[in-house]
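With my numbering applied, the sequence shown corresponds to residues 285 to 952, in that order. All C-beta atoms, glycine included, are put in the ideal place defined by N, C-alpha and C.
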Amino acid sequence: MEYVMYKFKNFKGFVVHLTENEAELIKGMEGVVSVFLNEKKYLRTTRSWDFMGFPLDVKRSHLESDVIIGVIDTGIWPESESFSDKGFGPPPAKWKGSCDTSLNFTCNNKLIGAQYFRSDGNITMNGIASPRDTAGHGTHTASTAAGAVVKGASFQGLGKGTARGGVPSARIAVYKACWTDSCYDADLLAAFDAAISDGVDIISISVGGPEGPYFEDSIAIGAFHAMKCGILTSSSAGNSGPDLQTLENVAPWLLTVAASSTDRKFVTQVQLGNGMVVEGISLNTLDTSNTTSPLIYGGDAQNTVSEYQSRYCTEDSLDKKLVKGKIVICDTSENTGEAPFIAGAAGMIMQDSGPNAPDSHPLPASYLNVDDGARVVVYAKKRDSRPRASILKSVAITDPLSPTVASFSSRGPSTISPGILKPDLSAPGIAILAAYPPIATVSQASSDPRSTQFNMVSGTSMACPHVSGVAAYIKSFHPTWSPAAIKSALMTTATPMNSTSTEEAELAYGSGHINPLKAVKPGLVYDTSEDDYVNFLCNQGLNATEIRLITGKTNSCSKTHYNKDLNYPSMAISVNQLDFDTVFYRTVTNVGYHKCTYHARVTTPKGQEMVIKVEPSVLKFKYVGQKLSFKVRVTGVIGLKTLLFSASLVWDDGHHQVRSPIVVSNLS
């Protein structure tokens, strides 16, 4: 066709300009599975690796330098120390990719490939025609997954230490499909297609959008074909928490990662003129402890020509004459600080119920809880005083409650596949230090004039590359393992998390917090083939003809399959009645010792009316690679006001503990 933008090598499809009538005409043609719009999707560590029990000096495979992580994101800053190729040999022979050297971009033996994709051709307004990263997101995620070791890294003095990725010796290939205005489906599909053809081992994509049919979802489509070629795709769960059913990237062949905290927390004190000191959170690199500034409540500094409420410190809402040189108090945590900064404020204090992740702002700032914020407002409004304050530089303290899931991290269950527990697991995603382009905006405020080589950022986008790096670590020891086997190893060895601080429990953190060293030797894996996923898709409304057109296989959909019957490392059902009785069928593969016996151990929290029976309760393996099957029957009664029942099954041979969460959720 004259207007074709992309033709894909690894899956049957193309991107083309069509009118609505043309699209409807093609949609009705024989052999066409789906026609969908080229819509947008959105971008969503000096301490994190050590916190996970994964120090730099862990045992490493000599094959680590043969592992290639493909990062689909906003590009990369090749000059960063994190991408130095010092000590690297040439790329592995399997590498088939290329490097776009336009506009002074260069690759090396660490950063072995780089391409960019922009289907609408509108580049000048949204970046540069090069794989170079001008936004920061891609450089940050790539260095988190596989950045080289850089000593003395910090974000302008905060978090100083050694920055590195999970697999410093692995190679990186970059596919710039995301720009400052988000990521288009066509470009994401083109990036997947290129990564598969180039020979990457792991794909890391910290991008997502609202749930929808799997084969109208570019990430699900691309990841399915990556899975067919033996490539695991690690993805972010989304930043729309803590509400339920807000997940992104829920396809079962994807590894979906939630964001959690580390034991390092950044706090920022505010000292008031009356001697009171309150403590908030932020990433404030500017120390004003030796000076004080007048305080003013944003609601008392309204710009009369503005239609916005100045109490929220929104754009053009503040009177510059009233705000200049003062610390302004804003009634929201969702504030970049741009408006107070442009208005000439000396600092910003935010108050709300707000996030549990610190942010960076272009001026001194601290976010306070509602109670402390109210005290500051009362003090600032006293007419018989001259209220003043200082905002101190942020300091790091120990958080003994970690890891806990971030409030912004999206929660399950999936709306289209409630029989699959998502997210799959959690990883560090709060205040992660990693490489950053010096030309990118440091904070979310476009007017922020600062430049930095390393930045601290929070989000499930930061959690995803942690898991990508660990998946690459596992791949270096087990190069023949399937994507499902690697995923199973990560999930069944995850550390259980405490639901006390997270009401949504497994709907927020899945199987638990990632445990890199245990994941290399899981003992058993729940392996899943392409045919298993095809049977799963049959239950999602696709008929045999559509399945054949998508996969090239002659699978029949005549047999009934249920989401819960997929050979998944976790077990979940969503019920709409009080009593339930269901059976899960699973098969495990021995990847541990030649002769071993596993015993089933079931844990059901007290007070839950749930009975779990495992048959058989003992699995005796004679050799590595042997597969044995079992079933788990779960019965009980769930209350109307009970969100979920959660239990677990552990297969234990005395050396390995292979854990699967069992979750019954009630959303009626």
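Distance check for T777 and T886, CA to CA, integer angstroms please.
Note that residue 886 is Val in the sequence shown here, rather than Thr. Going by the C-alpha atoms only, they are around 16 Å apart.
Please go through the same chain and pick out, in chain order, the residues whose beta-carbon is closer than 6 Å to the beta-carbon of H939, but skip the five residues on each side of it.
Counting only Cβ-Cβ distances below 6 Å, and skipping sequence neighbours, we find nothing.
For M632, list the residues DSSP reports as bridge partners.
Answer by DSSP bridge pairing, in chain order: V612, A649.
In three-state terms, what does DSSP make of S644?
Correct three-state label for S644: coil.
Tell me which same chain residues have a C-beta within less than 7 Å of the C-beta of S601, skipping the five on either side of it?
Around S601: Q586, N587, S590, Y592, Q593, S594, A623.
Where in the segment 421-469 do unbroken runs of the alpha helix (DSSP H), each at least 4 residues long, occur, reported from the N-terminal end onward?
The qualifying runs are 421-430.
Let me know the secondary structure DSSP gives R328 once reduced to three states.
Low confidence applies here, because R328 scores a pLDDT of 45, under 50, leaving its location unreliable; read the following figure in that light. In this structure, R328 counts as coil in the three-state DSSP scheme.
Counting C-beta neighbours from all protein chains within 10 Å, is the total for W935 16 or more, i.e. buried, or is it exposed?
Looking at its Cβ environment, which holds 16 or more other Cβ atoms inside 10 Å, W935 is buried.
Can you give me the Cβ contacts of S561 inside the same chain, cut-off strictly under 8 Å, excluding the 5 residues immediately before and after it?
Per the sequence presented here, residue 561 reads as Val, with Ser not at that position. For V561, where only same-chain residues beyond five positions count, the Cβ hits under 8 Å are Q553, V554, Q555.
With the cut-off set at 8 Å, would you say R331 and G449 are in Cβ contact?
In this structure, G449 does not lie closer than 8 Å to R331 by Cβ.
Give every residue of the same chain whose Cβ lies closer than 7 Å to the Cβ of D341, excluding the five residues on either side of it in the sequence, and list them in chain order.
Closer than 7 Å at the Cβ level, and outside the excluded window around D341, lies no residue.
Note down the Cα distance separating A521 from Q737, rounded to an integer number of angstroms.
Rounded to whole angstroms, A521 to Q737 spans 27 Å at the Cα level.
Could you give the C-beta distance for V689 and A856, rounded to a whole number, given that I count them as a contact under 8 Å?
At roughly 17 Å, the Cβ-Cβ gap does not stay under 8 Å, so V689 and A856 are not in contact.
Whose C-beta lies closer than 6 Å to the C-beta of P806 among residues of the same chain, with five residues either side of it excluded?
So the qualifying residues of the chain are A773, T776, T777.
Quick one: what's H883 bridged to in DSSP?
According to DSSP, H883 bridges with V902, D936.
What residues match up with K549 in a beta bridge as DSSP calls it?
In DSSP, K549 forms a bridge with I681.
Would you call the CB atoms of L387 and S414 closer than 8 Å?
Taking 8 Å as the Cβ cut-off, L387 and S414 qualify as a contacting pair.
Sorted by chain position, which residues of the same chain lie with C-beta nearer than 7 Å to T423's C-beta, five sequence neighbours on each side aside?
Excluding residues within five positions, the ones whose Cβ falls inside 7 Å are I360, W361, S364, D417, A719, Y720, P721.
I'd like to check one pair, S438 with N568: are the Cβ atoms closer than 8 Å?
For N568 and S438, no; Cβs fall outside 8 Å.
DSSP on S760, reduced to helix/strand/coil?
In this structure, S760 counts as helix in the three-state DSSP scheme.
Along the chain, where does the alpha helix (DSSP H) that runs through S502 open and close?
Element bounds for S502: 502-512.
Please determine, among S913, Q910, P376, K549, the residue with the shortest C-alpha to C-alpha distance to T682.
For the residues S913, Q910, P376, K549, the minimum Cα distance to T682 belongs to K549.
Beta-carbon within less than 6 Å of A426's beta-carbon, same chain only, minus the 5 sequence neighbours each way: which residues are those?
Here the set comprises V355, I360, I456.
Taking only three categories from DSSP, how would you classify E814?
Helix.
Work out the CA separation of P536 and Y400 for me, nearest whole Å.
For Y400 and P536, the distance between alpha carbons rounds to 28 Å.
Determine the DSSP secondary structure at T779, reduced to helix, strand or coil.
It is a strand residue.
What separation, rounded to the nearest whole angstrom, lies between the Cα atoms of K380 and A478?
Roughly 10 Å between the two C-alpha positions.
Ignore the nearest five residues each way along the sequence and tell me which others in P945's own chain have a CB closer than 6 Å to its CB.
Only E790, S795, S854, S932 meet the Cβ criterion.
Please list, in chain order, all residues of the same chain as S490 whose beta carbon is under 8 Å from its beta carbon, the five residues on each side excluded.
Within the same chain, S490 has close Cβ partners L327, R328, D357, H421, T425, S519, S520, G743, T744, S745, M746, C748, P749.
Compute the Euclidean distance between the alpha carbons of S644 and A680, then round it to the nearest angstrom.
About 14 Å.
If you compare alpha carbons, which of D656, A884, P578 is closest to G631?
If we check each option's Cα against that of G631, P578 comes out closest.
From G525 to K904, what distance separates their C-alpha atoms?
Going from the Cα of G525 to the Cα of K904 covers about 42 Å.
Determine whether the beta carbon atoms of V751 and A711 lie at a separation below 8 Å.
In this structure, A711 lies closer than 8 Å to V751 by Cβ.
Just grab the DSSP bridge partners of P945 for me.
S932.
Using DSSP with H/G/I as helix, E/B as strand and the rest coil, what is L717?
Three-state DSSP puts L717 in a strand.
Of the residues V434, C513, Y817, N847, which one's Cα is nearest the Cα of T866?
Taking only the C-alpha atoms, the option nearest T866 is N847.
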